[in-house]
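Novice: I am attaching a structure below and will ask some questions about it afterwards.
Numbering (our numbering), first residue to last: 8 to 252.
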């Protein structure tokens, strides 16, 4: 083997390794996930959902995306902490272990894209900062990159897992609204705009459109009936609505 050929082979290997070690954004179709240097794409065979993730050979994050994606409720609440954040316009529930590297670190979005759920999770990962950097940069096709929590992944709390958006909806809204675009007493959730919803709940000067079939179930009704809802509850419900047009 000539000296020139050896140099060419070594050069190609170095270029290949360098390319794999560079940060990159991995496109999974409906969403993208940033991969830090040394992390690469992995995919699995899912049954009812799209399953995949990324790994650096030591730590692994796997996602589950679809109608039947995992909801919270199985982790040990005594060993984990909870936080609600906004990631590129999407309301996300985060959990992390009380002791770094000993437990589950997870992000769950109940209305990720086109009614699908999204779950991204790792286990016993020491470098939580890298994982949270990945979490906060996940983008869906309809993500609004201008809307993000100012104190992302900070001030976690010890509590039982909060109810999902669907659970809050069923308890408070399902008697009048359908979770999709079907009209019942009120409009379907996916037909309502988020800016109108904010006025409906928070703007005391906003008056519900008069002379409509559900006029009596308008602004005052919702404020009085659902004043028990927390800000986190309302943010989760908003995740079921359509973006402003």
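The C-beta atom is built at its ideal place from N, Cα and C for all residues, glycine as well.
Residue 68 and residue 33 - do their beta-carbons sit closer together than 8 Å?
Specialist: No. Outside cutoff.
Novice: Would you call the CB atoms of residue 164 and residue 49 closer than 8 Å?
Specialist: Not in contact: residue 164 and residue 49 (Cβ atoms no closer than 8 Å).
Novice: Decide if residue 54 is buried, meaning its Cβ has at least 16 other Cβ atoms within 10 Å, or exposed.
Specialist: Its Cβ having fewer than 16 others within 10 Å, residue 54 is exposed.
Novice: Are the beta-carbon atoms belonging to residue 186 and residue 176 less than 8 Å from one another?
Specialist: A contact, by the Cβ cut-off of 8 Å.
Novice: What did DSSP end up calling residue 128 once you bin it into helix, strand or coil?
Specialist: Residue 128 falls in the strand class under three-state DSSP.
Novice: Following the continuous alpha helix (DSSP H) through residue 236, name the residue where it begins and the one where it ends.
Specialist: Counting along the chain, residue 236 falls outside any alpha helix (DSSP H), and DSSP gives it neither H nor E.
Novice: For residue 75 versus residue 125, is the C-beta distance shorter than 8 Å?
Specialist: Taking 8 Å as the Cβ cut-off, residue 75 and residue 125 do not qualify as a contacting pair.
Novice: Thinking C-beta only, is residue 172 closer than 8 Å to residue 247?
Specialist: In this structure, residue 172 lies closer than 8 Å to residue 247 by Cβ.
Novice: With a threshold of 6 Å on Cβ separation, who are the neighbours of residue 118 within its own chain once the five nearest residues in sequence on each side are excluded?
Specialist: The residues are 246, 247.
Novice: Please state the DSSP three-state secondary structure of residue 138.
Specialist: Correct three-state label for residue 138: helix.
Novice: For the beta strand (DSSP E) containing residue 151, list its first residue and its last residue.
Specialist: Element bounds for residue 151: n/a, residue is neither H nor E.
Novice: Which stretch, first to last residue, makes up the alpha helix (DSSP H) that contains residue 113?
Specialist: Residue 113 -> not in any alpha helix (DSSP H); beta strand (DSSP E) instead, spanning 111-120.
Novice: What is the residue span of the alpha helix (DSSP H) that residue 175 lies within?
Specialist: Note, residue 175: alpha helix (DSSP H), 172-179.
Novice: What does DSSP give as the partner residue(s) for residue 87 in the beta ladder?
Specialist: For residue 87, which the question treats as bridged, DSSP gives the partners 104.
Novice: Within the same chain, show all residues whose beta-carbon is closer than 6 Å to that of residue 42, passing over the 5 residues directly before and after it, in chain order.
Specialist: For residue 42, where only same-chain residues beyond five positions count, the Cβ hits under 6 Å are 31, 33, 61.
Novice: Which residue comes first and which comes last in the beta strand (DSSP E) that contains residue 60?
Specialist: Looking at the DSSP string, the run of the beta strand (DSSP E) that includes residue 60 is 57-62.
Novice: If the criterion is Cβ atoms closer than 8 Å, does the pair residue 236 and residue 179 meet it?
Specialist: Contact flag set, yes.
Novice: Please report the residue range of the beta strand (DSSP E) in which residue 73 lies.
Specialist: 67-73 is the span of the beta strand (DSSP E), which, as asked, contains residue 73.
Novice: Do residue 91 and residue 98 have their beta-carbon atoms positioned less than 8 Å apart in this structure?
Specialist: Yes, they are a contact pair.
Novice: Would you mind sorting residue 153 into buried or exposed? The rule is 16 or more other CB atoms within 10 Å of its CB.
Specialist: Looking at its Cβ environment, which holds fewer than 16 other Cβ atoms inside 10 Å, residue 153 is exposed.
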